[in-house]
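**Q** Got a structure here, written out as structure tokens. Questions coming.
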Amino acid sequence: MSETSAAAPPSEAVAYAELFCRSNFSFLQGASSPEELVSTAAALGYQALALTDECSVAGVVRAHRQIKRQQLPLKLIIGSYFQLPGLSLVLLCPDRQAYAELCRIITNARRRAEKGHYQLEEWDLRSSKHCLALWLPQGEAEVDQYWGQLLSRHFSGRLHLALVRQLRYREARYLAYCQTLAHDFALPQLAVGAVLMHQRERLALQQTLTAIRLKTPVQQLGRQLLSNAEACLRPLSKLAKLYPAAALAQSVTLAAACQFSLDELRYEYPSELVPSDLSASQYLQQLVQAGARQRFGTAGPAASIQALINKELALIAELRYEYFFLTIYDLVQFAKARGILYQGRGSAANSVVCYCLEITAVDPRQINVLFERFLSRERQEPPDIDVDFEHERREEVMQYLYQKYGRERAALAATVISYRLKSAIRDVGKALGINEMQLEHFIKNLNRRHGVVSWQQQLSQLGLNTEQGLGQQLVQLVGQIRGFPRHLSQHVGGFVISAGPLYELVPVENAAMAERTVIQWDKDDLETLGLLKVDVLALGMLTAIRRCFQLVQQYYGLTLSIAAINGYGDDPQVYRQIQQADTVGVFQIESRAQMSMLPRLRPACYYDLVIQIAIVRPGPIQGDMVHPYLLRRHGKEAVTYPSDAVAGVLSRTLGVPIFQEQVIQLAMVAAGFSGGEADQLRRAMASWKKTGELLQFKEKLINGMLSRGYQQDFAERLYQQICGFGEYGFPESHSASFAVLAYVSAWLKHYFPAAFYTALLNSYPMGFYSPSQLIQDARRHQLRVLPVCINASAAAHQLVLHQGDWAIRLGLQQVKGLSPQTLQQLLQQRPAAGFCHPAQLKQLGLNARELAALASSNALQSLTGDRYNSRWHLLDQQTQLPLFAAVAEPAAPLLQPPGEREAMLEDYQALGFSLDYHPLHYLRQRGKLAGCTLASDLATVRQQAVVKVAGLVTCRQCPGTAAGVTFLTLEDESGNINVVVWQGTALAQQQPYLTAKILQVNGILEREGEVVHVIAGRLTDLTPLLEALPAGSRDFH
Amino acid sequence: MRWLYLYFPSLQLDQLAVQYPAQPMALACPKRHQLLGVNALAAAAGVKVGQSVATAVLLCRELQLFSPEPARVKQQLQQLAERLYQVTADLALQPPDALLIRVSSMLKLYPDPARYWQHLQLQLADCPYQYLAAAGQTPLAAKLLARSGQAALYLTPAAEQAKLALCPLTASDLPAASIEQLARLGIRQLGPLLALPAAELARRFSQDVLQYLAALTGRVLQLPQFYRPRLQFNRELQLHYEITESPQLLKPLQPLLQQLQQFLRRANLLCQCLQLTLQFRQHSPLPLQIRARAGEACAANWQQLLSLHLAQLQLPEPVYALQLAATDYVPDQRASCNLLAQRSQPLSKAQLLSMLVARLGEKAVVTPVLSLSHWPEAESSVSAVAALPALNAALCYQLRPILQLPKALPLTEAVTLLSGAERLEQLCWQSGTLLQRDYYLARTEQGQLWWVYRTPQQQWYLQGWFS
């Protein structure tokens, strides 16, 4: 028996370069990651691998990084695969010019089509001057003749015919046809693998991806699926059997011609930032000096600070980061000129240089800034400065960037959206043909926070047979597909700005948002290539603070700024308020978990706040560092250090690691990590959720620490803390900037509460609390809140003088369903004496829906008495006629006014809160809450007493830090009640636990310092007493 | 009592309850994953209409979910109408879940309303369905009362008015938008709505509202479309003598088949299924189903099918009576073609299949179906003719042998390989390994073309023969 194929005899010395290989960045086609592909290709002895994703280079940096990190003996070639009707083509980059050309072609093709698609045109190919082309004929003579001629003409000397051998149906016939074509057009032939997988075992996953792409269950796809696993990276010996030797040799020849490497990409900063007669370094120095005089007075900074400035500038010059600081300086100058409040943060932000450049307001005299802690020579990490702007005005800053640099030179970085557990189960399940209702059931009931039970076990508990059949396939495939990129999305605000057109550096494509473009690389890719991005982020609290400053200026005649409030020094009264956890609305320290920590940590100065903000995070909590810190802080445990080196890292946090930077430094000083390894650890932390890479560091960290004489327990806890940071990294540099805003907002709340709440309400949505909760908190601080009124309210909430005191008048913007345009129209046309009949509103031309919204909010109360009669008047079609234009008085009410219950429910539906009634007060008055203790009375209940409480469920929180515990927040008319529900209690009483809007809890009171909890026993759902109440709980966010 | 409204709130679940007693059950919308109906056991566990499926299953682990089957519910309602039609005349279907009866005309036949109601109840007694009944002066009044859950049968007009006034508008036929609008005016029951001056209402609400109120209060009379029993062929025959051999049954059946032919021709229908029920003295009746796939009206053709069925039948004891019923009608669309060809028409494919099924049984007649998998064993399968799916014309055919072995045989003859290899692979989930075969076109020494394959272990197998 003999095979008929004309393959070369097997040879040991065969050399091969794979020039057509797609990774999982060819979404739903490639079934292996760029990293897997390059590692396998290197292991198989390939000389080179061209990563040629379809109209994309999104995966190349990952491949590049993997080759460098693992020091693989493999050359990476950059290319891309394109399709047109009748044409399949791979373009490869021999040099930098070709790379720029490829980026331009991809950019043009992508920009023509909507997000996620591309549209190549013949023009793109005709205009190519540098790229090499591999042509994959279709097998249809007419079509191939057309493209053969066109390509031969435009890619003369750069065109190859690519032979694919994958043991497909009638392949011999196709290969013979290709031979003829190659002969006709005088093209060299070259072997390619058309690779989609790094190993054959990915076949099932590749077929599943096809099913997801074609939206058809895999069982129904038949011959649309790959018939075999030959589209994988195959051993050289096998390739030698399959391909003619000349075709293999040609692949190596062509690979040798491709000399371009991503290392060649040099970032060029926009030069217009620096005056022509100065160098960047000189200009930065000039600006810093001018800033220092402004910040530290004309005498200039103290010698020690000046020394620090000099040191920082030297380091910046050495690392050549001047342009980066100048770009940010330019940005904040724009914001300052426009009166947009901003605040810088990040590893490089809390330097004296940034303070002088007005990028941050953190006074270096307040915090012992060690610039090197943030910008490190040996850790080789790029500087990180994020700038937060007012959330409502960030767009202005972005538009400024686009205007200044043009759309050609500025674009957003991408964020790679990957398959997560639930999306993977949904898509793979559908592809396997599993009933969608069943899939939804699995997805809704998976508890991601479940510490003990794996998701596979959970699926099995939910009734899926994971041992065989579809269930087994689902589990295996979901495991494989997790972390696979699904599409590119825009980064929240990371801009890349370049000197020349950006599309010569990296392809740019359309984002989902109109008028937004993103590059094809994400922030890790940029970091790998040493390209800098500028983070332009949005922060609601800055909007609120700016509004509050304006109100204070307007009504109290006082000019405030963030720097000025910090300049007043630590105010004991403000800290007293913080220590009492009176922090609703205060930046960062207002959440339930933060509030319960405040009375325990008792922050009394700025740096305490920095710690407070960082300590209530998964890192320190999972590392079990909170309790030791509190003990040491209150002098109940001696502050000791295992070594001097550790003391250097941990002295400012009493020997307990709290911040992400400290953990990385500990890895260096205590476990012997090199600078490079520490940087890898930092990156692994950042992408831990996606890749699970942290495990590889565990052994090294623990062994390193043990060998240096540290306790096993301490090492284990440190590793746990690192994992916690992986879930939610929180560095000291961020905390330091946040603490400034936390203090400023607490200060405003203490001294100007009316202005503070008004500003917060006007900046909604932001923060942790709903307007309802903010208003109740304001009223608990003895502030008067006045209802929405068609004649008295402005659009926004206002500070007004009412009966000799400051009060908050709710604005018409609070009315749900009223458009901003209508609102403006309404206010412009409001008569000086106010409206006197609802008919006047109708004559303004407001539509029925908006009129109804006004009536529902009870804004027309002053005209008609109540909602029912407002609506009755508005429904009257005759009053629209001109004849009735002069109606003076509304007719006597025909309808009964709403009862207390209806009015309250309507308040909640139309405004989200009620000023007149609280649902719990209503129920209490009617004797429905017999024996329930008020929130305000819990302070007087003795420890361990049995209590009964009831309230609206405003928050269900299931923190990752405490397996199985749910924190519920109940709200009654006097305040909030913290309830702790243990898992057993929750499981036994699922219905009230999950669905109650009004909940009664019988439990035991627990007191720790000033923190009061009710440990839940019996849960009773009281929702049926007020069924129509809209749900307002933040659940399991 | 002029109109009676019978409301069956849970037809599908009630019927399922017969099949699964003591089982919490719910109907769920397959698209929105939301519950549309729940039975009492599920409700007791806190499961409610409108809940998401996920929440419901958390609340009640044993909950069994079903998709709504509107076709089945329609049939149930039809059957209920047929049942009640035995005792009452003016009856109207109110899909999806109610019947409306004009009582006033029937009361002439019954001494009093209570006696009439007893008769109706008797008809419903052995049905598994829950129902609510209410009577009213107008159809809409009766409907509103029933749908509000107000059992009201023998009320004076004044008492009826008082009860109606309390009915929630959400149970009415008013447009949902108007109900919402009225609720937002504080008007949630019929009473306050009727109390408002009509002129004021007319200035504020659409015609629909005013028309509904007029019909409800009897100012305008709207007659429903009354139920007409379905066209049916159902004949019983008492035999003059008992028959012991089944083929002899054909004789007395002939006149019945002639009647059937007449009946079908008059209505221009074909019948796809005949139900023949044989009655015995001791033995329980024996039902037989005879199918004609394409539909049939001709007595002679039916007789032929029946003779094939009866030829194999063993009678347990002599037959003394029989019943012949036609089910599954289809319109006759064979547009009376071919007037000239009077005799010896060849059998159509459908007629042939019907005959084969009649002779051999449904399971014995199967047809191959292509599934177009790469893997030869999964490439084609057989499916019962009765469940034959429509063929997909757009399938791409590859050169494969017509004759394939269900299980490949080891290759024992020397062959010459002509072309290949075509590699086919499939994942074995249990072991996680790939099954691999390299297929070749091969020629034997006798010149036959074979499809053979080789495994990675270098074993050769024969998969099929080319014709």
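Taken in order, these protein sequences are the chains called A and B.
The numbers in my numbering rise by one with no breaks, and the one at position 744 of the first sequence is 744.
The numbers in my numbering rise by one with no breaks, and the one at position 268 of the second sequence is 268.
Using N, Cα and C, we set each Cβ at its ideal position, and we do this for glycine too.
Keep in mind that this is a model prediction, so the values were computed, not measured.
Check whether the Cβ of E440 of chain A lies closer than 7 angstroms to any Cβ atom in chain B.
**A** Yes, contact with chain B.
**Q** Could you run through the stretch 174–195 of chain A and flag, in chain order, every residue whose CB is less than 7 angstroms away from some CB of chain B?
**A** Against chain B - using a Cβ distance shorter than 7 angstroms - the stretch 174–195 of chain A contributes no residues.
**Q** Do E121 of chain A and Y81 of chain A have their beta-carbon atoms positioned less than 7 angstroms apart in this structure?
**A** Contact: no.
**Q** Verify the CB distance criterion: does E180 of chain B have a CB-CB separation below 7 angstroms to chain A?
**A** So, not an interface residue.
**Q** In terms of alpha-carbon separation, which member of A:H117, A:S454, A:Q294 and A:G675 lies closest to Y355 of chain A?
**A** Nearest of A:H117, A:S454, A:Q294 and A:G675 to Y355 of chain A, Cα basis: A:Q294.
**Q** Please say whether L854 of chain A and L860 of chain A have beta carbons closer to each other than 7 angstroms?
**A** Closer than 7 angstroms, so yes.
**Q** Taking the straight line between their C-alpha atoms, what separation do you get for G346 of chain A and P820 of chain A?
**A** In a straight line, the C-alpha of G346 of chain A is about 36 angstroms away from that of P820 of chain A.
**Q** Are any of the Cβ atoms in chain A nearer than 7 angstroms to that of S373 of chain B?
**A** It does: the Cβ of S373 of chain B has a partner Cβ on chain A nearer than 7 angstroms.
**Q** Could you spell out where the alpha helix (DSSP H) holding M668 of chain A opens and where it closes?
**A** Unbroken alpha helix (DSSP H) run through M668 of chain A: Q660 to A671.
**Q** Please go through the same chain and pick out, in chain order, the residues whose beta-carbon is closer than 8 angstroms to the beta-carbon of T517 of chain A, but skip the five residues on each side of it.
**A** Here the set comprises R111, R407, A411, L412, V508, E509, N510 and A511.
**Q** With three or more beta-carbon pairs closer than 8 angstroms as the criterion, would you say the stretch 73–84 of chain B touches the stretch 95–103 of chain B?
**A** Yes: at least three Cβ pairs fall under 8 angstroms.
**Q** Just checking: is the beta-carbon of S206 of chain B within a distance shorter than 7 angstroms of some beta-carbon in chain A?
**A** Cβ-Cβ to chain A under 7 angstroms: no for S206 of chain B.
**Q** List the residues that DSSP assigns as beta-bridge partners of S88 of chain A.
**A** Paired residues: A:Q83.
**Q** State the DSSP-derived secondary structure class of L391 of chain B, mapped to helix, strand or coil.
**A** Confidence at L391 of chain B is low in this model, with a pLDDT of 46, below 50, so the placement of that residue is unreliable and no value is reported for it.
**Q** How big is the Cα-Cα spacing for E3 of chain A and V57 of chain A?
**A** For E3 of chain A, the predicted structure reports a pLDDT of 40, less than 50, and the residue's modelled location is therefore unreliable. A value from the coordinates is still provided. Using only the alpha carbons, I get a separation of about 40 angstroms.
**Q** Can you give the Cα-Cα distance for L526 of chain A and K842 of chain A, rounded to whole angstroms?
**A** Roughly 57 angstroms separates the two Cα atoms.
**Q** What separation, rounded to the nearest whole angstrom, lies between the Cα atoms of D263 of chain A and C103 of chain A?
**A** Each residue's Cα considered, the two are about 16 angstroms apart.
**Q** For K698 of chain A, which residues in the same chain have their Cβ closer than 6 angstroms to its Cβ, ignoring the five residues on either side in sequence?
**A** For K698 of chain A, where only same-chain residues beyond five positions count, the Cβ hits under 6 angstroms are Y719.
**Q** With a Cβ-Cβ cutoff of 7 angstroms, do L190 of chain A and H160 of chain A count as a contact?
**A** Their beta carbons are under 7 angstroms apart, which means L190 of chain A touches H160 of chain A by this criterion.
**Q** Can the beta-carbon of Q551 of chain A be found closer than 7 angstroms to that of A792 of chain A?
**A** Here residue 551 of chain A is Leu; the residue named in the question, Gln, does not match the sequence. Their beta carbons are not under 7 angstroms apart, which means L551 of chain A does not touch A792 of chain A by this criterion.
**Q** Quick one: Cα of C548 of chain A to Cα of L1019 of chain A, how far?
**A** So the two alpha carbons sit approximately 41 angstroms from each other.
**Q** Can you name the residues that DSSP bridges to Q343 of chain A?
**A** DSSP lists A:D388 as partners of Q343 of chain A.
**Q** Does P287 of chain B come out as helix, strand or coil in the three-state DSSP assignment?
**A** If DSSP states are grouped into helix, strand and coil, P287 of chain B belongs with the strands.
**Q** Output the distance between the C-alpha atoms of D388 of chain A and F768 of chain A, rounded to the nearest integer angstrom.
**A** Whole-angstrom Cα-Cα distance: 18 angstroms.
**Q** Would W302 of chain B and L257 of chain B be called neighbours here (beta carbons separated by less than 7 angstroms)?
**A** Yes. Within cutoff.
**Q** Can you tell me the Cβ-Cβ gap for L405 of chain B and G361 of chain B, rounded? I've got them flagged as a contact below 8 angstroms.
**A** Incorrect: roughly 27 angstroms between the Cβ atoms, too far for contact.
**Q** Would you mind giving the Cβ-Cβ distance between R592 of chain A and Q206 of chain A, rounded to the nearest angstrom? I have them listed as a contact below 8 angstroms.
**A** Wrong, their Cβ atoms sit about 46 angstroms apart, outside the cutoff.
**Q** Which residue marks the beginning of the alpha helix (DSSP H) containing I443 of chain A, and which one marks its end?
**A** Unbroken alpha helix (DSSP H) run through I443 of chain A: E436 to N445.
**Q** Can you tell me which of A:E1027, A:H441 and A:A1016 puts its alpha carbon nearest to the alpha carbon of L65 of chain B?
**A** Measuring from the Cα of L65 of chain B, the nearest candidate turns out to be A:H441.
**Q** What residues from the stretch 401–425 of chain B come within 9 angstroms of chain A, judged by C-beta to C-beta, listed N to C?
**A** So the close ones are A414, V415, T416, L417, L418, S419, G420, A421, E422, R423, L424 and E425.
**Q** Per DSSP, which one or two residues make a beta bridge with N1002 of chain A?
**A** Per DSSP, A:K948 and A:R1018.
**Q** Under a CB-based cut-off of 7 angstroms, is P30 of chain B close to chain A?
**A** True, the Cβ-Cβ gap to chain A drops below 7 angstroms.
**Q** Give every residue of the same chain whose Cβ lies closer than 8 angstroms to the Cβ of L923 of chain A, excluding the five residues on either side of it in the sequence, and list them in chain order.
**A** These residues qualify, in order along the chain: L929, A950, I998, L1022, L1025 and L1026.
**Q** If I follow the unbroken beta strand (DSSP E) through E242 of chain B, where does it start and stop?
**A** That run of the beta strand (DSSP E) goes F233 to I243.
**Q** Determine the contact status of I565 of chain A and W747 of chain A, defining contact as a CB-CB distance below 7 angstroms.
**A** Taking 7 angstroms as the Cβ cut-off, I565 of chain A and W747 of chain A qualify as a contacting pair.
**Q** Give me whichever residues DSSP pairs with G136 of chain B in a beta bridge.
**A** DSSP lists B:W3 as partners of G136 of chain B.
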